[in-house]
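Presented below is the structure to which this report refers.
Residue numbers (the numbering used here): 111 to 440.
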C-alpha cells in the first residue's frame with residue numbers, strides 16, 4: 111500500500127550524510143517530471159511529490175521489487191536495460207495518473223491494472239509508430255524522388271535514421287510550445303538539480319539545490335537521442351534486399367535490443383563522465399535537454415526535494431531499519 115504524507119509547503123532539509131553508514135554509494139536515483147510535481151525512484155523505492163492548487167505538497171511513496179533486482183538474469187547487460195525501460199514506463203504512467211488527479215484536485219485515485227495496461231500499450235504503440243514506422247514509410251516513398259535509395263542499403267538506412275531524428279526533434283519542439291508542457295519541463299529541471307545535489311552530497315535545500323545544473327547526462331532525453339543513433343547503426347547492418355514487410359517487422363522486433371544497448375552506452379558514459387573524451391560524447395544529449403529541461407523556480411525545486419527525501423527515507427528504513435533525520439514521518 112502507498113503511504114501518503116501531507117505536509118506544509120515548507121519542507122525540512124536533509125543531506126546525504128544522514129543516510130545509514132555505508133549506503134550512500136549504493137543508492138542510485140533517477141526520476142521524471144509529472145504534472146505539477148516530480149517522481150524520484152531508486153532500485154527499491156519510489157516517491158511522487160505534487161503541489162496541489164492550494165499550494166499543499168502531497169508526497170506518496172512505496173517500496174519497489176522488480177524482477178531485475180531479484181534475479182541474476184535481470185542484472186545481465188542488455189537485459190537490465192530492457193527491464194529498466196519497461197519499469198520506467200510503468201512507473202511513469204502511474205506517477206502521471208497520480209499527479210494529474212491531484213493537480214486537478216480530483217483526489218488520490220488509483221488507476222486500475224486494466225486501465226494502466228491500455229494506457230501503457232497505446233503510448234508505446236504510438237511511440238513505435240511515430241518514431242520508427244513513419245520514417246521507414248517516408249523513406250520508402252522518397253525512392254521515387256531519389257532512386258539511389260532503392261540501390262544503396264546504407265543510404266536508405268541513413269535517410270531513415272535522419273528522418274527519425276527530425277521527427278523526434280520536431281515533436282519535442284512542438285510540445286515545448288504548450289504552457290502546460292513548459293511547466294513539466296521546469297519540474298524536469300528541478301528533478302535534475304535535486305539528483306545532482308544528492309550525488310554531490312550537498313544539503314537538500316531549495317537555495318543550495320538551485321546552484322546545480324538542470325541538465326543531467328543520465329536523463330531520459332539523452333537516452334532517447336542515443337536510441338536514435340544506435341538504431342541507425344543497427345538497421346544499417348540489415349540486408350537491403352529483405353522484403354519491405356520484414357523491414358517493418360525489424361523496426362519493432364529490434365527495439366528491445368536497441369534500448370538495451372543504448373542503456374549500456376548511457377551507463378558506461380555516466381560512470382566516466384569526468385573524462386574529457388566521454389564528456390564530448392555526452393554533449394549532444396545535454397544540448398538536447400535544453401529543450402526538455404528548463405530552469406525551475408525555488409517552489410518547484412522544493413517539490414523535487416520532497417520526493418527525493420521520501421525515497422531516501424524509504425531506502426534508509428529498508429536497508430538499516432532506521433529513518434533519515436529531517437524527513438517526513440513514517
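Quick reminder that beta carbons are idealized off the backbone N, C-alpha and C, glycines included. Every value quoted in this text rests on a predicted model; they were computed, and no experiment measured them.
- [ ] Please go through the same chain and pick out, in chain order, the residues whose beta-carbon is closer than 7 Å to the beta-carbon of residue 343, but skip the five residues on each side of it.
- [x] Nothing meets the Cβ criterion.
Task: Sub-8 Å separation of residue 295 and residue 213 beta-carbons - done: Residue 213 sits away from residue 295, with the two beta carbons spaced by 8 Å or more.
- [ ] Measure the alpha-carbon distance for residue 247 versus residue 359 and round it to whole angstroms.
- [x] Annotation: residue 247 to residue 359 spans about 12 Å, alpha carbon to alpha carbon.
Open item on the list: Buried or exposed, going by whether 16 or more other CB atoms sit within 10 Å of the CB of residue 207?
Closed with: Per the 10 Å Cβ criterion, buried.
Task: Close Cβ partners of residue 190 (< 8 Å) along its chain, the five nearest in sequence each way excluded - done: Apart from sequence neighbours up to five positions away, the residues of its chain that approach residue 190 with a beta-carbon distance below 8 Å are 178, 184, 370, 373, ordered along the chain.
Task: Closest residue to residue 289 among 145, 141, 154 (Cα-Cα distance) - done: Residue 145 is the option with its Cα nearest to residue 289.
- [ ] Within 10 angstroms of the Cβ of residue 414, are there 16 or more other Cβ atoms? Answer buried if so, exposed if not.
- [x] Buried.
TODO: Look at the alpha carbon of residue 287 and the alpha carbon of residue 337, and state the distance between them as a whole number of angstroms.
DONE: If I take the Cα positions, the gap works out to 24 Å.
Task: Alpha-carbon to alpha-carbon, residue 352 and residue 202 - done: Between residue 202 and residue 352, the alpha-carbon positions lie close to 37 Å from each other.
Task: Proximity test, Cβ basis, 8 Å: residue 335 and chain B - done: Of the protein chains in this structure there is only one, and it is not chain B.
Task: Outcome for residue 160 when other beta-carbon atoms lying within 10 angstroms are tallied against a minimum of 16 - done: Looking at its Cβ environment, which holds 16 or more other Cβ atoms inside 10 Å, residue 160 is buried.
Open item on the list: I'd like the span of the alpha helix (DSSP H) that includes residue 210, first residue to last.
Closed with: Per DSSP, residue 210 belongs to the alpha helix (DSSP H) from 189-213.
Open item on the list: By DSSP's criteria, residue 156 is part of a beta bridge. Which residues make up the other side?
Closed with: 151, 172.
Task: Buried or exposed (CB count within 10 angstroms, at least 16 for buried), residue 231 - done: Counting the other Cβ atoms within 10 Å of the Cβ of residue 231 gives fewer than 16, which makes it exposed.
Open item on the list: Going by DSSP, what residue range makes up the alpha helix (DSSP H) through residue 143?
Closed with: Taken as a continuous stretch (DSSP letters only), residue 143 belongs to no alpha helix (DSSP H), being part of the beta strand (DSSP E) at 140-144.
Task: For residue 249 and residue 275, believed in contact at Cβ under 8 Å, the rounded distance - done: Actually they do not touch by this definition, with Cβ atoms about 12 Å apart.
Task: Span separating the alpha-carbon of residue 303 from that of residue 409 - done: For residue 303 and residue 409, the distance between alpha carbons rounds to 13 Å.
Task: residue 397, enclosing alpha helix (DSSP H) - first and last residue - done: Per DSSP, the unbroken alpha helix (DSSP H) holding residue 397 starts and ends at 386-402.
Open item on the list: On the CB-based measure, 16 or more other CB atoms within 10 Å of its CB, does residue 262 come out buried or exposed?
Closed with: So residue 262 counts as exposed.
Task: DSSP three-state assignment for residue 137, whether helix, strand or coil - done: Note: residue 137 maps to coil in three-state DSSP.
Open item on the list: Please list the terminal residues of the continuous alpha helix (DSSP H) segment that includes residue 255.
Closed with: Premise fails: residue 255 is in no alpha helix (DSSP H) and is neither H nor E.
Task: Classification of residue 267 by the beta-carbon crowding that lies within 10 angstroms, buried from 16 upward - done: Buried, since its Cβ has 16 or more Cβ neighbours within 10 Å.
- [ ] Would you mind stating whether residue 171 and residue 157 have Cβ atoms separated by less than 8 Å?
- [x] For residue 171 and residue 157, yes; Cβs fall inside 8 Å.
TODO: Report the rounded CA-to-CA distance for residue 138 versus residue 279, giving the unit in angstroms.
DONE: The alpha-carbon atoms of residue 138 and residue 279 are separated by roughly 29 Å.
Task: Inter-residue spacing [alpha-carbon to alpha-carbon] between residue 187 and residue 341 - done: Taking C-alpha positions only, residue 187 is separated from residue 341 by approximately 18 Å.
- [ ] Determine the closest residue to residue 331 out of 298, 365, 357, with distance taken between C-alpha atoms.
- [x] The candidate whose alpha carbon is nearest that of residue 331 is 298.
Open item on the list: Relative to the C-alpha of residue 314, which candidate in 256, 210, 300, 389 has its C-alpha closest?
Closed with: Nearest to residue 314 by C-alpha distance, out of 256, 210, 300, 389, is 300.
Open item on the list: Check this for me: beta carbons of residue 324 and residue 305, under 8 Å apart or not?
Closed with: Contact annotation: residue 324 and residue 305 have beta-carbon atoms that are not nearer than 8 Å.
Task: Residues near residue 349 in its chain [Cβ-Cβ closer than 8 Å; skip 5 each side] - done: Shown here for residue 349: same chain residues with a beta carbon closer than 8 Å to its own, the five before and five after excluded, namely 263 in chain order.
- [ ] Indicate the three-state DSSP secondary structure (helix, strand or coil) for residue 320 in the structure shown.
- [x] For residue 320, the three-state secondary structure derived from DSSP is coil.
- [ ] Might you give, ordered along the chain, the residues of its own chain that have their beta carbon closer than 7 Å to the beta carbon of residue 200, omitting 5 neighbours on each side?
- [x] Beyond the five residues adjoining it in sequence on each side, residue 200 comes within less than 7 Å, by CB distance, of 230 in the same chain, given in chain order.
- [ ] Over the uninterrupted alpha helix (DSSP H) stretch that includes residue 299, give me the two end residues.
- [x] Residues 289-310.
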